[in-house]
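As numbered in the working numbering, the sequence shown has no gaps in its residue numbers, which increase by one up to the final residue, 601. Remarks on the structure that follows.
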Amino acid sequence: MRGGGLLVAGTTSDAGKSVVTAGICRWLVRRGVKVAPFKAQNMSLNSFVTREGAEIGRAQAMQAQAARVEPTALMNPVLLKPGSDRSSQVVLMGKPVGEMSARGYHGGRQEALLGTVTDCLEELRSTYDAVICEGAGSPAEINLRRTDIVNMGIARAARFPVLVVGDIDRGGVFASFFGTTALLSAEDQSLVAGYLVNKFRGDVSLLEPGLDMLYGLTGRRTYGVLPYAHGLGIDEEDGLRVSLRGAVRESVVAPPHGEDVLRVAVCAVPLMSNFTDVDALAAEPGVVVRFVDRAEELADADLVIVPGTRGTVKALAWLRERGLAEALVRRAAEGRPVLGICGGFQVLGERIEDEVESRAGVVDGLGVLPVRIRFDRDKTLARPVGSALGEPVEGYEIHHGVADVRGGEPFLDGCRVGAVWGTHWHGSLESDAFRRRFLVEVARAAGRRFVPAPDTSFGVLREEQLDRLGDLVEEHADADALWRLIEGGAPAGLPFVPPGAPPLGAGGPESRGAAPDPAPQSPEGLEIAGSAGSRGQGLENAGSAVATPQGLENPESAGSRGQGLDGARSAEATPHGLGQEAEQHVDQEAL
Numbered sequence: 011m012r013g014g015g016l017l018v019a020g021t022t023s024d025a026g027k028s029v030v031t032a033g034i035c036r037w038l039v040r041r042g043v044k045v046a047p048f049k050a051q052n053m054s055l056n057s058f059v060t061r062e063g064a065e066i067g068r069a070q071a072m073q074a075q076a077a078r079v080e081p082t083a084l085m086n087p088v089l090l091k092p093g094s095d096r097s098s099q100v101v102l103m104g105k106p107v108g109e110m111s112a113r114g115y116h117g118g119r120q121e122a123l124l125g126t127v128t129d130c131l132e133e134l135r136s137t138y139d140a141v142i143c144e145g146a147g148s149p150a151e152i153n154l155r156r157t158d159i160v161n162m163g164i165a166r167a168a169r170f171p172v173l174v175v176g177d178i179d180r181g182g183v184f185a186s187f188f189g190t191t192a193l194l195s196a197e198d199q200s201l202v203a204g205y206l207v208n209k210f211r212g213d214v215s216l217l218e219p220g221l222d223m224l225y226g227l228t229g230r231r232t233y234g235v236l237p238y239a240h241g242l243g244i245d246e247e248d249g250l251r252v253s254l255r256g257a258v259r260e261s262v263v264a265p266p267h268g269e270d271v272l273r274v275a276v277c278a279v280p281l282m283s284n285f286t287d288v289d290a291l292a293a294e295p296g297v298v299v300r301f302v303d304r305a306e307e308l309a310d311a312d313l314v315i316v317p318g319t320r321g322t323v324k325a326l327a328w329l330r331e332r333g334l335a336e337a338l339v340r341r342a343a344e345g346r347p348v349l350g351i352c353g354g355f356q357v358l359g360e361r362i363e364d365e366v367e368s369r370a371g372v373v374d375g376l377g378v379l380p381v382r383i384r385f386d387r388d389k390t391l392a393r394p395v396g397s398a399l400g401e402p403v404e405g406y407e408i409h410h411g412v413a414d415v416r417g418g419e420p421f422l423d424g425c426r427v428g429a430v431w432g433t434h435w436h437g438s439l440e441s442d443a444f445r446r447r448f449l450v451e452v453a454r455a456a457g458r459r460f461v462p463a464p465d466t467s468f469g470v471l472r473e474e475q476l477d478r479l480g481d482l483v484e485e486h487a488d489a490d491a492l493w494r495l496i497e498g499g500a501p502a503g504l505p506f507v508p509p510g511a512p513p514l515g516a517g518g519p520e521s522r523g524a525a526p527d528p529a530p531q532s533p534e535g536l537e538i539a540g541s542a543g544s545r546g547q548g549l550e551n552a553g554s555a556v557a558t559p560q561g562l563e564n565p566e567s568a569g570s571r572g573q574g575l576d577g578a579r580s581a582e583a584t585p586h587g588l589g590q591e592a593e594q595h596v597d598q599e600a601l
């Protein structure tokens, strides 16, 4: 028996789809429903490694935790990790399959993945009572609709109802709801069941006349108005927008346990990845975390963190251009604490040999750690367990760089020299005892009378946050009506809101005057050009194949934000012409 489901779409990127999906998952599991999250295609530099060694988006791992299930590659079959504004690494079923430009990905390759995506969704539906899908960007990105596999494309393939989330804190939410619906074809509109207002501040009664008018205009109800919630440090997809806010998310401010606070500065390097590594520090009473991009901002920091990045050589150049590299070298010489994580660890070393990520060849590092890095074409994906500073530690690794450690004290498969630490391990600071011990070391080196709180549990805090999300759904949404959607699908007879989807030109069947294109067949019989419609077929390469837990043959292969690679949302320059050259490094026929 196949379980029910729902697609949580949004009027824009960052409307709250990830947290609403997590909230629905936590609400359902507390009701005794066996539920799983799903995002067909994710665009993020924040990723996670599952127990079977698959790389997926951090947001989906967080949603799996909300659902109280173990995350798997099925929950995020396609992950796009940008390396510039024009190209991304494509991670398929948890394994990297190469780099591809935006034009190449949307030029037919994306459609070929629909069989893979629908197979994953069907496997989840056969196991769980409900699957809550998260969309990407907006379902009304009409320039990308023909190749869409993450919004209305997956909703139509699964016949899932769609709940559109709008962030009222940004303003214009009524126009966004109406416009999103009116730009969809009649067939797509038939699945848009209604709306959910997110981040509302004030008296809901003042909003109700607008909700009534919206119903009159669209024939679709609003399923809830979620209030603005402070202090939710839930994993986000994209670190670029939060990189210079001056703080990490909205952590609850608590007084220090000792006499002093501890100030942590995080270098906001380009293509910053897994900035969630510092969340556990921000959760500590008395620890103040901020992102910085100027050398003078390091002066009063007790600890400086150089985080992970998808562009190690690019980050190194950025540090040098801004004077941060010189400040880091000076800190190390003065015995002031510095921590490098993954790409940040690599830049602190003596030398980087990169013919894979930037193809820059041999580049000198900052030379504060006795480490030489060589980039390997195969990516390390692991869930290591060990100990450091006398305490147990768990983490996860996601990197192409291979470290040749030539000295210093061992530290989480990296090394330590004085007050400078470097490791490839992400997530290590979530290990409570280790984090406390590490902060004691930092405070001693910084000359601070800071004492870590003895009872801070990052895991407990995360569970409390997920429960708060579940509470928001349960208390401020029409829970019974949501369950009817999940179980029974979109209501019949939803009216068409003109004008509908505009013409798409050659090869684009949807237009305001034409009959809607037929819904795709069920995934069991779905065939896509260039694909056999299964996870294990249609993506083969002459190079060595890497078998995933699902049996996918895995070679070298592609993808921006929203539905994917529209190439218009980042100011990052393409390093060394990568956007033009990326096509040469992927088996295009395989995709």
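Just so you know, even glycine gets a beta-carbon here, dropped at the ideal spot from N, CA and C.
Integer-rounded CB distance, given that Pro-394 should sit under 8 Å from Trp-435
Sequence index remark: in the sequence shown, residue 435 carries index 425 (1-based). Sequence index remark: in the sequence shown, residue 394 carries index 384 (1-based). Contact flag correct, Cβ pair sits at about 6 Å.
Looking only at its own chain, which residues have a Cβ that is under 6 Å from the Cβ of Pro-106, when we skip the five neighbours before and after it?
Locating residue 106 in the sequence shown gives position 96, counting from the first residue. Contacts found: Gln-99, Lys-389.
Specify the secondary structure class of Gly-20 as computed by DSSP and reduced to three states.
Within the sequence shown, residue 20 is the residue found at index 10, counting from 1. Here Gly-20 sits in strand by DSSP.
What is the DSSP secondary structure of Ile-159, reduced to helix, strand or coil?
Counting from one through the sequence shown, the residue named residue 159 turns up at place 149. Coil, per DSSP.
Excluding the five sequence neighbours on either side, which residues of its own chain have a C-beta within less than 8 Å of the C-beta of Gly-345, listed in chain order?
Within the sequence shown, residue 345 is the residue found at index 335, counting from 1. These residues qualify, in order along the chain: Gly-428, Ala-429, Ala-455.
Pro-237: first and last residue of the uninterrupted beta strand (DSSP E) it sits in:
Translated into positions along the sequence shown, residue 237 becomes position 227. Pro-237 -> beta strand (DSSP E) spans 231 to 237.
Please list the terminal residues of the continuous beta strand (DSSP E) segment that includes Val-79.
For the purposes of this step, residue 79 is identified with residue 69 of the sequence shown, where counting begins at 1. From DSSP, Val-79 is part of no beta strand (DSSP E); its letter is neither H nor E.
Rounded to whole angstroms, how far is the Cβ of Leu-193 from the Cβ of Ala-165, which I believe are closer than 8 Å?
Looking up residue 193 in the sequence shown gives position 183. Looking up residue 165 in the sequence shown gives position 155. The pair is not a contact, with the Cβ atoms about 15 Å apart (cut-off 8 Å).
Look up Met-103 in the DSSP assignment and give the residues it is bridged to.
Here residue 103 refers to the residue found at position 93 when the sequence shown is read from its first residue. For Met-103, which the question treats as bridged, DSSP gives no partner whatsoever.
CB-CB under 6 Å to Leu-326, same chain, minus the five flanking residues each way: which ones, in chain order?
The residue you call residue 326 lines up with position 316 of the sequence shown. The answer, listed in chain order, is Val-357.
Where are the beta strand (DSSP E) runs, 3 residues long or more, that stay fully inside the region 331 to 377, in chain order?
Fully enclosed beta strand (DSSP E) runs of 3 or longer: 348 to 351, 361 to 364, 371 to 374.
Could you check whether Ser-148 and Thr-602 sit closer than 8 Å to each other, using their CB atoms as the reference points?
Coverage of the chain is limited to positions 11 through 601, which leaves residue 602 absent and any answer about it impossible.
Which of the three DSSP states is assigned to Ser-283 in this structure?
By one-based count along the sequence shown, residue 283 stands at place 273. In the structure shown, Ser-283 adopts extended strand secondary structure according to DSSP, grouped into three states.
Look at the Cβ atom of Glu-440, then the Cβ atom of Ala-292, and state whether they are nearer than 8 Å.
As a first step, residue 440 is located in the sequence shown; it is residue number 430 there, counting from the start. As a first step, residue 292 is located in the sequence shown; it is residue number 282 there, counting from the start. When the beta-carbon positions are compared, Glu-440 and Ala-292 stay at least 8 Å from each other.
Quick one: is Glu-269 buried, meaning 16 or more other Cβ sit within 10 Å of its Cβ, or exposed?
In the sequence shown, counting from the first residue as 1, residue 269 sits at position 259. Glu-269 comes out exposed.
Which residues does DSSP list as the beta-bridge partners of Met-85?
What you label residue 85 is simply residue 75 of the sequence shown in a count that begins at 1. Paired residue(s): none; Met-85 is not in a bridge.
N- and C-terminal bounds of the alpha helix (DSSP H) containing Val-30:
For the purposes of this step, residue 30 is taken as residue 20 along the sequence shown, with counting starting at 1. Start and end: 27 to 40.
Residues near Arg-384 by beta carbon distance below 6 Å, same chain, minus five either side:
The count along the sequence shown starts at 1 and reaches residue 384 at position 374. If we look at Arg-384 and ignore the five residues flanking it on each side, its Cβ neighbours are Glu-363, Val-412.
Can you name the residues that DSSP bridges to Trp-431?
As a first step, residue 431 must be located in the sequence shown, where it is residue number 421. In DSSP, Trp-431 forms a bridge with Leu-349, Arg-426.
Taking contact to mean 3 or more Cβ pairs, one atom from each stretch, closer than 8 Å, check whether the region 271 to 289 and the region 301 to 321 are in contact.
Under the three-pair Cβ rule at 8 Å, the region 271 to 289 counts as touching the region 301 to 321.
Reduced DSSP category for Ala-290 - H, G, I as helix; E, B as strand; rest coil
Looking up residue 290 in the sequence shown gives position 280. Ala-290: helix per DSSP, three-state reduction.
Asp-129 burial status per 10 Å Cβ neighbour count (16 or more: buried)
Along the sequence shown, one-based indexing puts residue 129 at 119. So Asp-129 counts as buried.
Cβ contact (3+ pairs, closer than 8 Å) linking the region 205 to 213 and the region 232 to 240:
Touching, yes, given that three or more Cβ pairs across the two stretches are closer than 8 Å.
Classify Thr-190 as helix, strand or coil using the three-state DSSP reduction.
The residue you call residue 190 lines up with position 180 of the sequence shown. Residue state for Thr-190 is assigned as helix, using DSSP reduced to three classes.
Specify the secondary structure class of Thr-466 as computed by DSSP and reduced to three states.
By one-based count along the sequence shown, residue 466 stands at place 456. Here Thr-466 sits in coil by DSSP.
Beta-ladder partner(s) of Asn-208, from DSSP
Counting from one through the sequence shown, the residue named residue 208 turns up at place 198. Per DSSP, Asp-177.
Length of the line joining the Cα atoms of Gly-424 and Val-415
Your numbering for residue 424 matches position 414 in the sequence shown. Your numbering for residue 415 matches position 405 in the sequence shown. Going by the C-alpha atoms only, they are around 7 Å apart.
Does the Cβ of Val-127 have 16 or more other Cβ atoms within 10 Å, making it buried, or fewer, making it exposed?
Taking the sequence shown and counting its residues from 1, one reaches residue 127 at position 117. Buried is the call here.
Leu-379 to Leu-272 span [Cα, whole Å]
In the sequence shown, counting from the first residue as 1, residue 379 sits at position 369. In the sequence shown, counting from the first residue as 1, residue 272 sits at position 262. So the alpha carbons of these two residues sit roughly 24 Å apart.
Close beta carbons around Lys-44, own chain, < 7 Å, minus the five adjacent residues each side
Mapped onto the sequence shown, residue 44 falls at position 34. The beta carbon of Lys-44 lies closer than 7 Å to those of Tyr-138, Asp-139 in the same chain, with the five residues before and after it left out.
Within 10 Å of its beta-carbon, does Met-72 have 16 or more other beta-carbons around it, so buried, or fewer, so exposed?
Taking the sequence shown and counting its residues from 1, the one referred to as residue 72 is at position 62. Around the C-beta of Met-72, 16 or more other C-beta atoms lie within 10 Å, and the residue is accordingly described as buried.
Please classify Gly-13: does DSSP put it in a helix, a strand, or coil?
Start at 1 with the first residue of the sequence shown, and residue 13 comes out as number 3. Three-state result, Gly-13: coil.
Could you say if the region 463 to 478 and the region 309 to 322 meet the contact criterion of at least three C-beta pairs nearer than 8 Å?
The region 463 to 478 makes no contact with the region 309 to 322, as fewer than three CB pairs between them are under 8 Å.
Rounded to whole angstroms, what's the CA-CA distance from Thr-232 to Val-18? Just pull it up for me.
Translated into the one-based positions of the sequence shown, residue 232 becomes position 222. Translated into the one-based positions of the sequence shown, residue 18 becomes position 8. Distance between the alpha carbons of Thr-232 and Val-18: 13 Å.
Does the Cβ of Pro-505 have 16 or more other Cβ atoms within 10 Å, making it buried, or fewer, making it exposed?
Along the sequence shown, read from residue 1 onward, the residue named residue 505 stands at position 495. Burial check for Pro-505: the Cβ neighbour count within 10 Å stays below 16, so the residue is exposed.
Considering just the uninterrupted stretch of the beta strand (DSSP E) at Thr-60, what are its terminal residues?
Position 50 of the sequence shown, counted from the first residue, corresponds to residue 60. Under the DSSP assignment, Thr-60 falls outside any beta strand (DSSP E); it carries neither an H nor an E label.
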